[in-house]
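Peer 1: Structure below; questions to follow.
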Amino acid sequence: MSIEPARTAGSTRLILLGTKGGLRVGGEGRANPSNLLLIDGVPYVVDCGYGVSRQLVRAGVALNTLRYVFLTHHHSDHNLEYGPLLYNGWATGLKQQVEVYGPPPLAHITDAFLQSMKFDIDIRMADEGRSDLRELICTHEIDHAGFVCRMGEVTVSCLRVRHPPIENTYAYRFDTKDRSIVFSGDTAYFPELATFAKGADVLVHEVMYRPGLDALVKRVPNASTLREHLLASHTLTEDVGRIAQASGVQTLVLSHLVPGDDPTITDAMWSEGVRKHFDGRIIVGSDLMEI
Ligand SMILES: [Zn+2]
Ligand SMILES: [Zn+2]
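Residues 694 to 984 in the working numbering are what the sequence shown spells out, letter by letter.
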């Protein structure tokens with residue numbers, strides 16, 4: 694689904710890969726969280742929820758072109774398929790280095806995954822003449838806000854947001870030659886995010902619909918304090934509107950929908966609370982939507 698006319702080559706494309714917040718797999722329509730920027734044709738993957746490899750393929754990205762991965766935090770809905778994505782890239786012919794950015798324990802998580810695949814990697818190196826996947830992965834742990842990295846005309850910066858009980862949780866901002874795009878990551882209402890997103894073209898913000906929580910909590914009987922976690926760690930529709938308005942962004946994209954697998958919640962219902970405070974364009978994200 695395309696919201697805007699196709700952009701010319703050499704520009705920045707934003708594609709939502711998975712728009713359902715949370716770790717539960719199932720339901721129709723939405724995959725677990727991940728996002729894609731294609732900048733001059735180079736993929737930048739932001740978060741690796743379950744299904745990210747398949748969603749990249751569906752978005753037309755060959756997995757052996759993997760180059761940059763950014764993780765906002767280490768809840769499993771954002772990293773469950775991080776290791777397997779690296780592996781799937783290698784299985785598809787990856788030759789170049791992959792740079793991965795994210796909070797600690799990124800290095801440990803990476804090493805532990807690669808260790809779990811040691812038998813297979815060693816066998817395929819010997820038997821199929823493959824390169825060593827372990828030598829292609831370069832991790833960069835982020836433990837403070839500010840500058841993250843620069844690749845040519847792409848500058849990435851981050852802001853530590855509020856997502857208890859995880860302290861190291863980040864929003865990312867990508868400034869390219871033609872667009873500025875901010876991803877909130879997972880966060881409770883966090884006014885500093887508006888400052889971080891000032892002047893951006895697009896803010897992709899997580900969102901939670903309060904009237905949907907009763908049904909959501911009933912669907913997860915083994916998590917007795919889930920409601921308390923959700924209310925302490927995520928942002929309700931009205932507050933997303935406040936952040937977007939204060940930031941001055943023209944376009945707000947709602948993604949990481951909680952609950953993201955309840956078909957009774959319509960796009961109009963997702964937008965209603967946001968609209969009370971934000972007078973710009975609101976897009977209710979869906980998988981493989983390009984903005
Ligand atoms: Zn999440
Ligand atoms: Zn989270």
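Cβ atoms here follow ideal geometry from the backbone N, Cα and C, with glycine treated the same way. Since we're looking at a predicted model, the values are computed, not measured.
Using a Cβ-Cβ cut-off of 6 Å (strictly less than) and excluding sequence neighbours within five positions of ILE732, which residues of its own chain qualify?
Peer 2: Cβ within range, chain order: THR705, VAL847 and THR869.
Peer 1: Any residue with its C-beta under 6 Å from a non-hydrogen atom of ligand 3 counts. Can you list them all in chain order?
Peer 2: Ligand 3 is not among the ligands present in this structure, which contains only ligand 1 and ligand 2.
Peer 1: Mind checking whether the beta-carbon of GLY714 lies closer than 6 Å to any heavy atom of ligand 1?
Peer 2: Yes, the Cβ of GLY714 comes within 6 Å of a heavy atom of ligand 1.
Peer 1: Below 8 Å, can you find three or more Cβ-Cβ pairs linking the segment 776–786 to the segment 802–821?
Peer 2: Cβ pair count under 8 Å is three or more, so yes.
Peer 1: Would GLY978 and LEU707 qualify as a contact pair, given that the criterion is a beta-carbon distance under 7 Å?
Peer 2: Contact: no.
Peer 1: Enumerate in chain order the residues of its own chain whose CB-to-CB distance from GLN943 is below 7 Å, with the five nearest sequence positions on each side excluded.
Peer 2: Cβ within range, chain order: ASP894, GLY973 and ARG974.
Peer 1: For TYR882 versus THR928, is the C-beta distance shorter than 7 Å?
Peer 2: Yes, these two residues count as a Cβ contact at 7 Å.
Peer 1: Counting C-beta neighbours from all protein chains within 10 Å, is the total for PRO952 16 or more, i.e. buried, or is it exposed?
Peer 2: Answer is buried; the Cβ neighbour count reaches 16.
Peer 1: Relative to the C-alpha of SER850, which candidate in TYR863, ALA819, ILE816 and ILE859 has its C-alpha closest?
Peer 2: Out of TYR863, ALA819, ILE816 and ILE859, TYR863 has the C-alpha closest to the C-alpha of SER850.
Peer 1: With distance defined between alpha-carbon atoms, name the residue in GLU821, VAL900, ASN772 and THR832 nearest to ASP804.
Peer 2: Nearest of GLU821, VAL900, ASN772 and THR832 to ASP804, Cα basis: THR832.
Peer 1: Taking one C-beta from the segment 906–923 and one from the segment 935–942 each time, how about it: are there three or more such pairs within less than 8 Å?
Peer 2: No: the two stretches stay apart, fewer than three of their Cβ pairs being nearer than 8 Å.
Peer 1: Can you check DSSP and say which residues form a bridge with PHE867?
Peer 2: VAL849 and ILE874.
Peer 1: List the whole-angstrom C-beta distance separating VAL791 from VAL745, where the pair is believed to meet the contact cut-off of C-beta under 8 Å.
Peer 2: In fact, because the Cβ distance is near 13 Å, the residues do not count as touching under 8 Å.
Peer 1: Any idea what DSSP makes of LYS891, helix, strand or coil?
Peer 2: It is coil, neither helix nor strand.
Peer 1: Just to confirm, is the Cβ distance from ALA752 to LEU906 under 7 Å?
Peer 2: For ALA752 and LEU906, no; Cβs fall outside 7 Å.
Peer 1: In angstroms with no decimal places, state the Cα-to-Cα distance between LEU886 and GLY822.
Peer 2: Near 48 Å, if we compare the C-alpha coordinates of GLY822 and LEU886.
Peer 1: Within 10 angstroms of its Cβ, does THR930 collect 16 or more other Cβ (buried), or is it exposed?
Peer 2: Result: buried.
Peer 1: If you draw a straight line from the C-alpha of LEU919 to the C-alpha of VAL900, how long is it?
Peer 2: Distance between the alpha carbons of LEU919 and VAL900: 16 Å.
Peer 1: Taking the Cβ atom as the reference point for each residue, do HIS898 and SER873 lie within a distance shorter than 7 Å?
Peer 2: No, Cβ-Cβ distance for HIS898 and SER873 is not below 7 Å.
Peer 1: To which residues of the same chain is ALA925 closer than 6 Å at the C-beta, ignoring the five residues directly before and after it?
Peer 2: Counting only Cβ-Cβ distances below 6 Å, and skipping sequence neighbours, we find PRO857.
Peer 1: Could you tell me the alpha carbon to alpha carbon distance between THR888 and GLY941, rounded to whole angstroms?
Peer 2: In a straight line, the C-alpha of THR888 is about 9 Å away from that of GLY941.
Peer 1: Report yes if the C-beta distance between GLY742 and SER727 is below 7 Å; otherwise report no.
Peer 2: Cβ atoms of GLY742 and SER727: closer than 7 Å.
Peer 1: Using only the heavy atoms of ligand 1, determine whether one of them is closer than 6 Å to the beta carbon of ASP804.
Peer 2: Every heavy atom of ligand 1 is 6 Å or more from the Cβ of ASP804, so no.
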